[in-house]
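Residues 968 to 1352 in the working numbering are what the sequence shown lists, from first letter to last. Virtual Cβ for every residue (Gly too), placed ideally from N, Cα, C. Some notes on the structure that comes next.
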Amino acid sequence: MRPDLTITALRVTRFRTVTRKIKDSDGHDHPCDPREMVMALLSVETDAGVTGEVLCPPAPVRDELIAAYIRPVLLGQNPFDRERLWQAMARWQRGSAQQLSDKTIGYVDQALWDLAGKATGLPVWRLIGGARDRVPAYGSTMCGDDIPGGLATPDDYGRFAQALVAKGYTAIKLHTWMPPVPGAPSVRMDLAACTAVREATGPDVALMLDANHWYSRTEALTLGRGIEAVDYLWYEEPMEEASMSSYRWLADQLAIPVIGPESAPGKHFTRAEWAASGACDILRTGVNDVGGITPAIKCVHLAQSFNIEIEVHGGGAGNIALVGGTGAGRYYERGLLHPHLDHDEVPPHLIANVDPMDATGYVTMPTAPGLGEAINHDYIADNQV
Ligand code: LLH
Ligand code: MG
């Protein structure tokens, strides 16, 4: 491998693919009949013929952003200088009046990590640090709905939890009902679902709750005390995360670990504030939340330095590399799952999924160089938009 590769081009390929998920008016995913959607493949090309790639939604890699902010930073540079390039992109965010989002720089960063892995012949999790080659997964449900046989009642959650345990999951996280689902949110319904799942799984399955993100302090406290009583492992995002003092108020009163922040902006800086102020008992990061793998590693090292546990939000190749590379998290978040969906169904733009789980509930780190995403390039070429 040459140590002096040069980035020669950035390419965004938009393509049609098929999905079985649809967002409601608040942005939560639910199942639907197969439908067409557009995705993007961001490619970072080099003079050595090695290309870094990441799959992403089209909006964060739209042409005007790539032309104005990303090409000027990356072209002609050494792709191994990920830290320097990430800092240059992050500084430009302020100058761009926030046009350049954490999502955009996060996808570029993941493509650079993929490139480094492919250039060195190493999977990214090993390049990061090779902390572990497999990780237990938790089944992370979709948010509640009003779909018959879906996640419409506490009993639906109980039945689905039993099905997940039968598949091998040793841990399950509920996302309960959130607006615009009729009747949502409801502390009473959330508690009923959490209790139904505990009764359905028995005492040995680890259970977590990610509730409506808009409860008041007192509602969040009532719900937290309720799930403490049925032995839940952690309590996630029941309130607006911009209100850090609300989380400190909550964490001070509950025995169950409060986890966060997930959706709050501010990268590793925000995570440092939460750790320092006692707003959470377990930190949270995610490569698509904090601006890529590079800052997500900083979050993990921050948590380790404070002796605070940290969990990684969301699945996908970048997050797998982070949990494998750093050892962050008791679990890998596998989802979002629903009784009407098969998480293991391979979409047409892939040859295989990146996170197959074995019967004991473990996901094994990919062995292919780079992020390990098995991209079906022929399909993408045939379905360009
Ligand atoms: O509100 C939602 O749709 C979910 O909470 C979603 O954001 C999910 O990714 C999550 O929070 N996982 O932990
Ligand atoms: Mg969450």
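Expressed to the nearest angstrom, what Euclidean distance is found between the alpha-carbon atoms of residue 1046 and residue 1258? On the sequence shown, position 79 is the one that residue 1046 refers to. On the sequence shown, position 291 is the one that residue 1258 refers to. Those two C-alpha atoms are separated by around 17 Å.
How would you write the range of the alpha helix (DSSP H) that residue 1074 sits in, first residue to last? For the purposes of this step, residue 1074 is taken as the residue at position 107 of the sequence shown. Per DSSP, residue 1074 belongs to the alpha helix (DSSP H) from 1069 to 1087.
Whole runs of the alpha helix (DSSP H) within the stretch 1271 to 1334, excluding any shorter than 4 residues: 1284 to 1293
Whole-angstrom C-beta distance between residue 1247 and residue 1222, which should lie under 8 Å: Numbered from its first residue, the sequence shown carries residue 1222 at position 255. Numbered from its first residue, the sequence shown carries residue 1247 at position 280. At roughly 14 Å, the Cβ-Cβ gap does not stay under 8 Å, so residue 1222 and residue 1247 are not in contact.
What's the call for residue 1236, buried or exposed, on a 16-neighbour Cβ count within 10 Å? On the sequence shown, residue 1236 is found 269 positions in, with the first residue counted as 1. With fewer than 16 Cβ atoms within 10 Å of its Cβ, residue 1236 is classed as exposed.
Inter-residue CB distance, residue 1163 and residue 1117 (contact presumed, cutoff 8 Å): The sequence position of residue 1163 within the sequence shown is 196, counting from 1. The sequence position of residue 1117 within the sequence shown is 150, counting from 1. Not confirmed; about 15 Å, so no contact.
Are at least three pairs of beta-carbons, each pair with one atom in the stretch 993 to 1006 and one in the stretch 1107 to 1115, less than 8 Å apart? yes
In or out: residue 928 buried (at least 16 other Cβ within 10 Å) or exposed? Coverage of the chain is limited to positions 968 through 1352, which leaves residue 928 absent and any answer about it impossible.
According to DSSP, is residue 1035 helix, strand or coil? By 1-based counting over the sequence shown, the position of residue 1035 is 68. Residue 1035: helix per DSSP, three-state reduction.
When DSSP labels each residue in this structure, what does residue 1060 get in the three-state scheme? Numbered from its first residue, the sequence shown carries residue 1060 at position 93. Residue state, collapsed to three classes: helix.
Determine the direct distance from the alpha carbon of residue 1208 to that of residue 1214, and round the result to whole angstroms. For the purposes of this step, residue 1214 is taken as residue 247 along the sequence shown, with counting starting at 1. For the purposes of this step, residue 1208 is taken as residue 241 along the sequence shown, with counting starting at 1. If I take the Cα positions, the gap works out to 8 Å.
Would you kindly work out how many angstroms separate the C-alpha atoms of residue 1331 and residue 1103, rounded to a whole number? Position 364 of the sequence shown, counted from the first residue, corresponds to residue 1331. Position 136 of the sequence shown, counted from the first residue, corresponds to residue 1103. Each residue's alpha carbon lies about 9 Å from the other.
Going by the C-beta, is residue 1229 closer than 8 Å to any heavy atom of the ligand LLH? One-based indexing of the sequence shown puts residue 1229 at position 262. Because some heavy atom of the ligand LLH lies under 8 Å away, the Cβ of residue 1229 counts as near it: yes.
Going by DSSP in three states, residue 997 sits in which element: helix, strand or coil? By one-based count along the sequence shown, residue 997 stands at place 30. Strand.
Do residue 1049 and residue 1291 count as a contact pair if the criterion is CB distance below 9 Å? Residue numbering aside, residue 1291 sits at position 324 when the sequence shown is read from its first letter. Residue numbering aside, residue 1049 sits at position 82 when the sequence shown is read from its first letter. Contact: no.
Would you grab the beta carbon distance between residue 1277 and residue 1266 for me? Rounded to a whole angstrom, and I think it's under 8 Å. Translated into positions along the sequence shown, residue 1277 becomes position 310. Translated into positions along the sequence shown, residue 1266 becomes position 299. At roughly 6 Å, the Cβ-Cβ gap stays under 8 Å, so residue 1277 and residue 1266 are in contact.
DSSP three-state call for residue 1145: helix, strand or coil? Along the sequence shown, one-based indexing puts residue 1145 at 178. Coil.
According to DSSP, residues forming a beta bridge with residue 1105: By 1-based counting over the sequence shown, the position of residue 1105 is 138. Per DSSP, 1300.
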